[in-house]
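Okay, so the sequence shown: first residue is 0 according to numbering that gives the first Met the number 0, each after it adds one.
Think of the CB as a built atom: it goes at the ideal place given N, C-alpha and C, for glycine as much as any other residue.
None of these values were measured; they are calculated from a predicted model.
Written below as structure tokens is the structure these notes are about.
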Amino acid sequence: MRKWLSGLLVLAMLAGFSGCSSCDRDKKPSEGAAKSEATPAEPEVVAAPDFGGSHVLEGHTDRITCIALSPDGKLLASASWDKTIRIWDVAKAELVTELTGHEDKVESVAWSSDGKWLASGSWDQSVRLWDTSDWQQIATFSGPPGRGLIVAFAPTGSLMAYGGRNGKLFLYDAATREELKVFDAHAGPITGIAFSPKGRILASSGEDKTIQLFDLQKLEKEGTIGAKDGHSQWLSSVSFSPDGRYVVSGSGDSTAKIWDVATGEEVRTLEGHKGWVFSSAFTPDGQLIATGANDNEVIVWDFNTGKEVARRSQHKDWVFDVAFSPDGNTLYSAGKDNVIRY
Numbered sequence: 000m001r002k003w004l005s006g007l008l009v010l011a012m013l014a015g016f017s018g019c020s021s022c023d024r025d026k027k028p029s030e031g032a033a034k035s036e037a038t039p040a041e042p043e044v045v046a047a048p049d050f051g052g053s054h055v056l057e058g059h060t061d062r063i064t065c066i067a068l069s070p071d072g073k074l075l076a077s078a079s080w081d082k083t084i085r086i087w088d089v090a091k092a093e094l095v096t097e098l099t100g101h102e103d104k105v106e107s108v109a110w111s112s113d114g115k116w117l118a119s120g121s122w123d124q125s126v127r128l129w130d131t132s133d134w135q136q137i138a139t140f141s142g143p144p145g146r147g148l149i150v151a152f153a154p155t156g157s158l159m160a161y162g163g164r165n166g167k168l169f170l171y172d173a174a175t176r177e178e179l180k181v182f183d184a185h186a187g188p189i190t191g192i193a194f195s196p197k198g199r200i201l202a203s204s205g206e207d208k209t210i211q212l213f214d215l216q217k218l219e220k221e222g223t224i225g226a227k228d229g230h231s232q233w234l235s236s237v238s239f240s241p242d243g244r245y246v247v248s249g250s251g252d253s254t255a256k257i258w259d260v261a262t263g264e265e266v267r268t269l270e271g272h273k274g275w276v277f278s279s280a281f282t283p284d285g286q287l288i289a290t291g292a293n294d295n296e297v298i299v300w301d302f303n304t305g306k307e308v309a310r311r312s313q314h315k316d317w318v319f320d321v322a323f324s325p326d327g328n329t330l331y332s333a334g335k336d337n338v339i340r341y
């Protein structure tokens, strides 16, 4: 039996979570309330900033599969199939350092909440932990063979999760290197992992066309999204809204879907890409969603209406990942053309 984190430690690491109740949304008018006959107004479409895309970071010699901004937004890490991770100063558009050590393609990268660590997942069946003060590797975690490992850090504390081809989701304390739990998450490969903003829920997407939700206080499964009437092709990513009430999934059916976490119901479908939707990201205020796909396009959507508000077409090949800056004014994208644009 693997080592377990005590209940007190889990609660301490995840303190401060407050869930959103659906009671207010379902509340009926009082019997004496007058019914309005006015037609509800259409939600106002949010105007998108000019996300440009003229800045280019070049240097990788193979596709860039994942990008991640440091908590302060000053550095960007990129994972590539050239077996390296590159760290960029986004203000100067300059390379800070290149991290080597993986023996196969690097699939994912993630920063710890305090920015002191960087984790990378690879096709060499390992997740590696790097100290960002000197960029030295400080730990290695083993994973299943067969494809690149997807890794994510919790928004607070030192919880780290990763998963791969066998559908198992591994939860670790990165500080102590202790394995806390292994979830049997999917009937097939895991394609995306995300922690809720307060860190209570862990979500994963898979080739089985579902999103699985796990309660990190109880260390048990909380629910499944999309098992019925969901995407028609397998999922490639999952991301949380800033308030934690919604998740977005990208799929091979050329759409992204917004889901209500509390009910598991689909809120709306984002249609406009002409190829596989690989990734999604919210602006910090939750008003806009960006998606990247294998039609070489980045599309920005209004969350409330599902309407397209901006499109970026500078990439010459598939767009694998998108990310917003902490202030929401800069949109980063990376892909099969080996470059990052912002």
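Cα-Cα separation, residue i to residue j
i: Ala118; j: Leu128; result: 5 Å
i: Lys335; j: Thr131; result: 26 Å
i: Thr306; j: Gln124; result: Per the sequence presented here, residue 306 reads as Lys, with Thr not at that position. Taking the straight line from one Cα to the other gives about 40 Å.
i: Phe239; j: Phe281; result: 8 Å
i: Gly163; j: Trp258; result: 23 Å
i: Ser111; j: Lys273; result: 34 Å
i: Glu270; j: Glu264; result: 18 Å
i: Thr329; j: Ser279; result: 15 Å
i: Ser20; j: Ala261; result: The predicted model places Ser20 with a pLDDT of 30, which falls under 50 and marks its position as unreliable, so this point remains unresolved.
i: Gly145; j: Phe319; result: 20 Å
i: His230; j: Trp275; result: 12 Å
i: Asp284; j: Ser195; result: 15 Å
According to DSSP, residues forming a beta bridge with residue i
i: Phe323; result: Leu330
i: Tyr161; result: Val150 and Phe169
i: Arg85; result: Ser77 and Glu97
i: Trp317; result: DSSP lists no partner for Trp317.
i: Phe194; result: Leu201
i: Arg176; result: None, per the DSSP bridge assignment.
i: Glu270; result: Thr254
i: Val237; result: Ser248
i: Val260; result: Looking at the DSSP assignment, Val260 forms no beta bridge with any residue, so it has no partner.
i: Phe140; result: Val126
Chain-order list of residues whose beta-carbon lies under 7 Å from that of residue i (same chain, five-residue window excluded)
i: Glu106; result: Thr64, Cys65, Ala78, Gly120, Ser121, Trp122, Gly147, Leu148 and Ile149
i: His54; result: Ala92, Arg340 and Tyr341
i: Gly187; result: Gly166, Gly205, Glu206 and Asp207
i: Ala37; result: For Ala37, the predicted structure reports a pLDDT of 37, less than 50, and the residue's modelled location is therefore unreliable. A value from the coordinates is still provided. None.
Residue i beta carbon near the ligand SAH (any heavy atom closer than 7 Å)
i: Gly291; result: Only the bare structure without any ligand can be found here, which leaves the ligand SAH out of the picture.
Residue i (DSSP reduced to helix, strand or coil)
i: Val181; result: strand
i: Glu296; result: coil
i: Gln211; result: strand
i: Ala280; result: strand
i: Trp129; result: strand
i: Arg311; result: strand
i: Tyr341; result: coil
i: Glu106; result: strand
i: Glu265; result: strand
i: Phe302; result: coil
Proximal residues to residue i (C-beta, below 6 Å), its chain only, five neighbours per side dropped
i: Val308; result: Ala47, Val299 and Asp301
i: Thr83; result: Glu97 and Thr99
i: Ala109; result: Ala67, Ala118, Val150, Ala151 and Phe152
i: Leu212; result: Ile200, Ala202, Glu221 and Gly222
i: Val237; result: Gly191, Ala193, Ala202, Ser204, Ile210, Val246 and Ser248
i: Gly198; result: Leu13, Ala153, Pro154 and Thr155
i: Gln136; result: Gly100, Arg127 and Trp129
i: Ile224; result: Ile210, Trp258 and Gly263
i: Glu102; result: Asp123
Close-in-space but distant-in-sequence residues of the same chain around residue i (CB under 8 Å, 5 per side omitted)
i: Lys27; result: Because Lys27 sits at a pLDDT of 30, beneath the cut-off of 50, its placement in the model cannot be relied upon, and the following sentence gives the value as read from the coordinates. Nothing meets the Cβ criterion.
i: Ala173; result: Ser111, Trp116, Ala118, Leu128, Ala138, Phe152, Ser157, Leu158 and Met159
i: Gly142; result: Gly120, Gln124, Ser125, Val126, Leu148, Tyr161, Gly162, Gly163 and Phe169
Bounding residues of the beta strand (DSSP E) (the contiguous stretch that carries residue i)
i: Gln216; result: Taken as a continuous stretch (DSSP letters only), Gln216 belongs to no beta strand (DSSP E), as it is neither H nor E.
i: Gly120; result: Trp116 to Ser121
i: Trp134; result: Per DSSP, Trp134 belongs to no beta strand (DSSP E) and is neither H nor E.
i: Gly249; result: Tyr245 to Ser250
i: Thr64; result: Ile63 to Leu68
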